[in-house]
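Letter 508 of the sequence shown, counting from 1, is numbered 507 in numbering that gives the first Met the number 0, and no numbers are missing. Below is one structure; the comments refer to it alone.
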Amino acid sequence: MNTVRKYPVGIQTFERLRKENYIYIDKTDLIWKMTKESPFVFLSRPRRFGKSLLTTTLDSYFKGQKELFEGLKIMDLETEWEQYPVIHVDLSEAKICQSVEELRDTLLFLLKPLTKVFGKEEDEVLPGKLLKGIIHRAYEKTGKQVAVVIDEYDAPLLDKLHLSELLDGFRNVMQEFFIQLKANEALIRFCFITGITKFSQLSIFSTLNNLTNISMDAKYAAICGITEEELATDMAPDIAMLAEVYECTPEEMHDKLKKQYDGYRFSEVSPDIYNPFSLLKCFNQRKIANYWFESGTPTFLIRQMQHFRTDITTMERIEASATAFDRPPEAMNTALPLLYQTGYLTIKEYDRESNSYILSIPNNEVRTGFIDGLIPSYIGLDGSYVQDGFALKFWRALKKNDIDLAMQEMKNYFAGLPYVEGFQKKLAEVKNYEWSLYLIFSMLNVYVRTQVKCAGGRTDVVVLMPDTTYVFELKANGTAQEALDQINSKNYALPYETEGRKVVKIGVAFERETMKVGDYLVEPEIRN
Numbered sequence: 000m001n002t003v004r005k006y007p008v009g010i011q012t013f014e015r016l017r018k019e020n021y022i023y024i025d026k027t028d029l030i031w032k033m034t035k036e037s038p039f040v041f042l043s044r045p046r047r048f049g050k051s052l053l054t055t056t057l058d059s060y061f062k063g064q065k066e067l068f069e070g071l072k073i074m075d076l077e078t079e080w081e082q083y084p085v086i087h088v089d090l091s092e093a094k095i096c097q098s099v100e101e102l103r104d105t106l107l108f109l110l111k112p113l114t115k116v117f118g119k120e121e122d123e124v125l126p127g128k129l130l131k132g133i134i135h136r137a138y139e140k141t142g143k144q145v146a147v148v149i150d151e152y153d154a155p156l157l158d159k160l161h162l163s164e165l166l167d168g169f170r171n172v173m174q175e176f177f178i179q180l181k182a183n184e185a186l187i188r189f190c191f192i193t194g195i196t197k198f199s200q201l202s203i204f205s206t207l208n209n210l211t212n213i214s215m216d217a218k219y220a221a222i223c224g225i226t227e228e229e230l231a232t233d234m235a236p237d238i239a240m241l242a243e244v245y246e247c248t249p250e251e252m253h254d255k256l257k258k259q260y261d262g263y264r265f266s267e268v269s270p271d272i273y274n275p276f277s278l279l280k281c282f283n284q285r286k287i288a289n290y291w292f293e294s295g296t297p298t299f300l301i302r303q304m305q306h307f308r309t310d311i312t313t314m315e316r317i318e319a320s321a322t323a324f325d326r327p328p329e330a331m332n333t334a335l336p337l338l339y340q341t342g343y344l345t346i347k348e349y350d351r352e353s354n355s356y357i358l359s360i361p362n363n364e365v366r367t368g369f370i371d372g373l374i375p376s377y378i379g380l381d382g383s384y385v386q387d388g389f390a391l392k393f394w395r396a397l398k399k400n401d402i403d404l405a406m407q408e409m410k411n412y413f414a415g416l417p418y419v420e421g422f423q424k425k426l427a428e429v430k431n432y433e434w435s436l437y438l439i440f441s442m443l444n445v446y447v448r449t450q451v452k453c454a455g456g457r458t459d460v461v462v463l464m465p466d467t468t469y470v471f472e473l474k475a476n477g478t479a480q481e482a483l484d485q486i487n488s489k490n491y492a493l494p495y496e497t498e499g500r501k502v503v504k505i506g507v508a509f510e511r512e513t514m515k516v517g518d519y520l521v522e523p524e525i526r527n
């Protein structure tokens, strides 16, 4: 009889995970190494990537809870299991604070459980002063240095990025809090701080200049998330289980999971990392779906993209230096750093000679959820309306090699776009009809690439089917013949003519102002 595997979906406490026999992908060798290399560490990772589980693992480790680590890699490394007082604060609870006073009160509230253990002085009315007092009393009471673990340090700040006056006040509160970690360094055995955005020595951590940022350190690239090797070994039974559900082979299922959840890289030399939340939930639900976006695309990211007028058609491939995307929010002049730090873009390639990176959308899950989240903000349409009203019908027609039907579906959809308040205003704001086309066609997700770069320029739409590649050029306020001529003159189809599929070129006349589809021309199939 097969043992039921327990997936820790929504469980971020290491102690509970171990005591209740949930699946745990062993990262304890990396954790042990991290605690020995530097006494003050910062790690940035996207949301739902296992940061909170990592902080609770450190909590148990420094409390000396050896029994929780039986059978794990750390047992071959750690010999002392010394116990330290632990100050563990999760700042995610401060996310909803809307005033400086509320933020101070919340920080004091989060420290309250520690005051029951280590006491409190009457004059400790500010969060930083209370933190200092707790550190000193913990040291005096135990004779041991303290371990400090701060989870989601930037949670109070992210939704305030567009509110400069409120953001400045919040930063002052957080700076008064964090300055104590530097000032009391001699009493701290280990300090670990995690969040989404990169810390800056110019603002919150202005005096905490002893932090080691391991966010892009190749040694710790896999400290959060699930690697290809871990999936193939530790989770082989889960792949086999899901393969039975989908009536395919384990190898085919592995490929499906890879396309859906893999693709993250956090350094120039990094294994491919799977999103752990989505992967575990997929196994738990026995269904491949877009789990990372259940709470939607963060509003702070949408606001920053709109503020910087981000060209969303370039996101399939962006070349950048590390300083362009690994920088703090206050130093941003584009939305690129936030897109990378929040996990909507990841490292795909690295060129050592030029010290440059290629960033791209990690996988199908991110592409679908991201596009769905952008559609209402950028063009005023509901994502499900786009997907159900056009994308699915268009794809089904092409799957049957019925180009006439596909083009009729395209014409019908654009001709029947509902009136959405502000729709024309949004189009005027973006000043680029291609952005709207990019979002709409991207709802096909797995099957479509838009604004594809090639030697001759950018192809508007490329649809990949099992036996056919469709190359579309949509000519704004031009003719279908001009669009077809552009495909040929700029060799848009050339990259696909050696892939073993038929290649079909389609030129479409498209009216920029009315978003209406006109005539189209199809070049005869090219057989390879």
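Glycine included, C-beta positions come from ideal geometry on N, C-alpha and C.
- When G49, D401 and A405 are compared, the shortest CA-CA separation from A390 is found for A405.
- Following the DSSP letters along the chain, one finds I30 inside the alpha helix (DSSP H) bounded by residues T27 to E36.
- L473 is not a Cβ neighbour of K504, given a cutoff of 9 Å.
- Under the three-state reduction of DSSP, T193 is assigned to strand.
- Contact between the stretch 138 to 146 and the stretch 155 to 172 is absent: fewer than 3 CB-CB pairs across the two stretches fall below 8 Å.
- In this chain, I149 is not harboured by any alpha helix (DSSP H); it is covered by the beta strand (DSSP E) spanning V145 to D150.
- Sequence-distant Cβ neighbours of T34 in its own chain, meaning closer than 6 Å and more than five residues away, are F189.
- In this chain, the beta strand (DSSP E) harbouring Y349 covers T345 to D350.
- With 16 or more other Cβ atoms inside 10 Å of its own Cβ, K50 counts as buried.
- Taking E512 as reference, the option from L373, F413 and L180 with the minimal CA-CA separation is F413.
- With a 10 Å radius around the Cβ and a threshold of 16 neighbouring Cβ atoms, F108 comes out exposed.
- Annotation for I73: T27, D28, I30, W31 and Y60 place their beta carbon closer than 8 Å to its own, counting only its chain and skipping 5 residues before and after.
- In the displayed model, S353 falls within coil according to three-state DSSP, outside both helix and strand.
- Per the coordinates, the alpha-carbon of A475 lies some 9 Å from the alpha-carbon of V516.
- The criterion of a C-beta distance shorter than 9 Å is satisfied by I225 and P275.
- The stretch 249 to 266 and the stretch 296 to 312 do not touch, with fewer than 3 CB-CB distances between them shorter than 8 Å.
- Taking C-alpha positions only, I370 is separated from G63 by approximately 45 Å.
- DSSP lists G506 as the beta-bridge partner residues of E472.
- Under the three-state reduction of DSSP output, H87 falls in the strand class.
- With respect to Y21, P7 sits close: the two C-beta atoms are nearer than 9 Å.
- In summary, H87 is buried, with 16 or more beta-carbon neighbours lying within 10 Å of its beta-carbon over all protein chains present.
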